[in-house]
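First up is the structure itself, then whatever we jot down about it.
2 protein chains.
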Amino acid sequence: MRGRCGASCHDHGLALMTHHRSQSAADTGGAFQDHYPDDVAHCFGCGRLNPHGHQLKSYWEGEETVARFTPQPYHTAIPGYVYGGLIASLIDCHGTGTAAAVAARRDGIEPGAEEGTAPFPRFVTAALEVSYLAPTPLGPALELRGKVVQDSERKVTTEVTVSAKGEITARGRVVAVRMPEHMAGR
Amino acid sequence: MRGRCGASCHDHGLALMTHHRSQSAADTGGAFQDHYPDDVAHCFGCGRLNPHGHQLKSYWEGEETVARFTPQPYHTAIPGYVYGGLIASLIDCHGTGTAAAVAARRDGIEPGAEEGTAPFPRFVTAALEVSYLAPTPLGPALELRGKVVQDSERKVTTEVTVSAKGEITARGRVVAVRMPEHMAGR
């Protein structure tokens, strides 16, 4: 099955255990990023095949998308607060993941049942904006929530909030475009 | 001496050797980030006291600021290209570093000679925008160049380009504000 986490998950080790634990709460077809085709599943932010990366996992939750991520102690900016570059990175990957999920839904690609259908789409970032509204405390899990505000065949724009302990600390906007096939050497 | 890389550099190990080698080309007082006071020098993107982080180093070069960074092989998005979240992170830290350097210059704080003067200032990000103009090839060193476009006591806005092999692949804009003292627990 294309892009599924099956037996090969053992290869990823501990990093994916968190994913498996958190998956039950919000899973409606699995994490978007787990359906990226193998040749484009290495993103440092969200690729399941990048053991060095963050392995962010995004899911549908009604008409919103959600991801949760707990920063490491060294993901700091000023001590006690989360590094803004990490926040930008998570917003970025949640936005491109949301774009892919929206396109998959539009194209009739059911996550987890790609056999015989087109592969799960892959989007890349054209533009990213982040407003840091308040310092984000380092420690608690962060919750990212995405809402699609523009959606066309080629381009999807998602607004994303980042919250810690229920307080929104950052807002982002991701303009994602369908990955040109030549980027993947196809 | 506050925030200088002296004997303590031995503690940082290999990561700082690169910094020391590259310093000669563009150094006019050392990297901005090496002058951050010790209690706010842990940023994952640029803090000299964060051994897990990127340790980005930014310097004056005329009226522009410049930083160079070579991504690791795992800092990928689509294989062969640099992860956009890393690009955003580097722009972020180069922008806040530039803001601090501008404020230091305005306040008469000479990098490397802070003894008896106010500490080197520290700025944090209020807003970050990145336009990804072209895929950034993974492999060559990236060059970041910053130009200050707005400068006040509290807020500095910097426009940053990212280039690889002489081609600009991303443009960013960082609105940085002076760090509130309470963030550092002062």
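Keeping their order, the protein sequence lines are chains A and B.
Take the first sequence: its position 132, counting from 1, is numbered 132 in the working numbering, and each next residue is one higher.
Take the second sequence: its position 48, counting from 1, is numbered 48 in the working numbering, and each next residue is one higher.
Glycine is no exception: its CB is placed at the ideal position from the N, C-alpha and C atoms.
Since the model is a prediction, treat every value here as computed from it, not as a measurement.
**Request:** Can you tell me which of the three DSSP states A25/A falls into?
**Result:** By 1-based counting over the first sequence, the position of residue 25/A is 25. Only weak support exists for where A25/A lies, its pLDDT of 35 falling under 50; the coordinates are left without a value.
**Prompt:** What residues are listed by DSSP as bridge partners for P137/A?
**Reply:** In the first sequence, counting from the first residue as 1, residue 137/A sits at position 137. Y81/A.
**Request:** Have a look at A134/A, Q150/A, H182/A and M179/A and flag the residue whose alpha-carbon is nearest the alpha-carbon of G166/A.
**Result:** In the first sequence, counting from the first residue as 1, residue 166/A sits at position 166. Closest option to G166/A, Cα to Cα, is A134/A.
**Request:** Can you tell me which of the three DSSP states R68/B falls into?
**Result:** Taking the second sequence and counting its residues from 1, the one referred to as residue 68/B is at position 68. The answer is strand: DSSP assigns R68/B an E or B state.
**Prompt:** What beta strand (DSSP E) runs, 3 residues minimum, are completely inside the stretch 123–168 of chain A?
**Reply:** 123–132, 142–151 and 155–164
**Prompt:** Going straight from the alpha carbon of G85/A to that of P140/B, what length do you get?
**Reply:** Along the first sequence, read from residue 1 onward, the residue named residue 85/A stands at position 85. Along the second sequence, read from residue 1 onward, the residue named residue 140/B stands at position 140. So the alpha carbons of these two residues sit roughly 21 Å apart.
**Request:** Out of A31/B, Y36/B, R106/B and G95/B, point me to the one whose CA is closest to I78/A's CA.
**Result:** Sequence index remark: in the first sequence, residue 78/A carries index 78 (1-based). That would be Y36/B, whose Cα lies nearest to the Cα of I78/A.
**Message:** Check whether the stretch 81–95 of chain B and the stretch 52–66 of chain B touch, using three or more Cβ-Cβ pairs below 8 Å as the test.
**Reply:** yes
**Among T125/B, L138/B, S89/B and A103/B, the one whose alpha carbon lies nearest that of D151/B** = As a first step, residue 151/B must be located in the second sequence, where it is residue number 151. Nearest option by C-alpha distance: A103/B.
**Prompt:** Can you tell me whether L181/B is buried or exposed, with buried defined as 16 or more other CB within 10 angstroms of its CB?
**Reply:** Position 181 of the second sequence, counting from 1, holds the residue named residue 181/B. The amino acid at residue 181/B is misidentified as Leu; the sequence shows Glu. With fewer than 16 other Cβ atoms within 10 Å, it is exposed.
**Item:** Under 9 Å from the C-beta of E181/B: neighbouring residues of chain A
**Value:** Within the second sequence, numbered from 1, the residue matching residue 181/B stands at position 181. Those within 9 Å of E181/B in chain A number zero; the least Cβ separation is about 11 Å.
**Message:** Can you tell me whether A170/A is helix, strand or coil according to DSSP?
**Reply:** Reading the first sequence from its first residue, position 170 is the one you call residue 170/A. DSSP places A170/A in strand when its eight states are reduced to three.
**Asked** Between the stretch 58–80 of chain B and chain A, which residues of the former have CB atoms less than 8 Å from a CB of the latter, in chain order?
**Response** Q72, Y74, H75, T76, A77, I78, P79 and G80
**Message:** Please list the terminal residues of the continuous beta strand (DSSP E) segment that includes E61/A.
**Reply:** Taking the first sequence and counting its residues from 1, one reaches residue 61/A at position 61. Residues S58 to E61.
**Asked** Three-state secondary structure (DSSP) at A176/A?
**Response** Start at 1 with the first residue of the first sequence, and residue 176/A comes out as number 176. Strand, per DSSP.
**Beta-bridge pairing of T76/A - partner residues as DSSP gives them** = Walking along the first sequence from the start, residue 76/A turns up at place 76. According to DSSP, which records beta bridges pairwise, T76/A is partnered with V82/A.
**Prompt:** So, is the C-beta of D34/A closer than 7 Å to a C-beta in chain B?
**Reply:** Here residue 34/A refers to the residue found at position 34 of the first sequence. It does not; no Cβ of chain B falls within 7 Å.
**Request:** Would you please verify whether the beta carbon of T136/B is less than 7 Å from any beta carbon of chain A?
**Result:** For the purposes of this step, residue 136/B is taken as residue 136 along the second sequence, with counting starting at 1. Not one chain A Cβ lies under 7 Å of T136/B.
**Request:** Return no unless some Cβ of chain A is closer than 7 Å to the Cβ of E129/B.
**Result:** Taking the first residue of the second sequence as 1, we reach residue 129/B at position 129. Judged by the 7 Å Cβ criterion, E129/B is in contact with chain A.
**Message:** Suppose you measure from the CA of H42/B to the CA of G108/A; what does that come to, to the nearest Å?
**Reply:** Residue mapping note: residue 42/B aligns to position 42 of the second sequence, counting from 1. Residue mapping note: residue 108/A aligns to position 108 of the first sequence, counting from 1. Rounded to whole angstroms, H42/B to G108/A spans 46 Å at the Cα level.
**Request:** Take T117/A as the anchor and find which of F123/A, A126/A, V82/A and R105/A has the nearest alpha-carbon.
**Result:** Residue 117/A sits at position 117 when you count from the first residue of the first sequence. Taking only the C-alpha atoms, the option nearest T117/A is R105/A.
**Item:** Min CB distance D107/A to chain B below 7 Å
**Value:** Position 107 of the first sequence, counted from the start, is the residue given in the question as residue 107/A. Chain B contact via Cβ: absent.
**R186/A versus M179/A - alpha carbon distance** = Walking along the first sequence from the start, residue 186/A turns up at place 186. Walking along the first sequence from the start, residue 179/A turns up at place 179. For R186/A and M179/A, the distance between alpha carbons rounds to 11 Å.
**Message:** For chain A, check one thing: does any of its Cβ atoms lie closer than 7 Å to the Cβ of S163/B?
**Reply:** By 1-based counting over the second sequence, the position of residue 163/B is 163. For S163/B, the answer is no, since every Cβ of chain A falls outside 7 Å of its Cβ.
**Request:** Under 7 Å Cβ to Cβ from A127/A, same chain only, skipping five residues before and after it: list those, please.
**Result:** For the purposes of this step, residue 127/A is taken as the residue at position 127 of the first sequence. V175, listed in sequence order.
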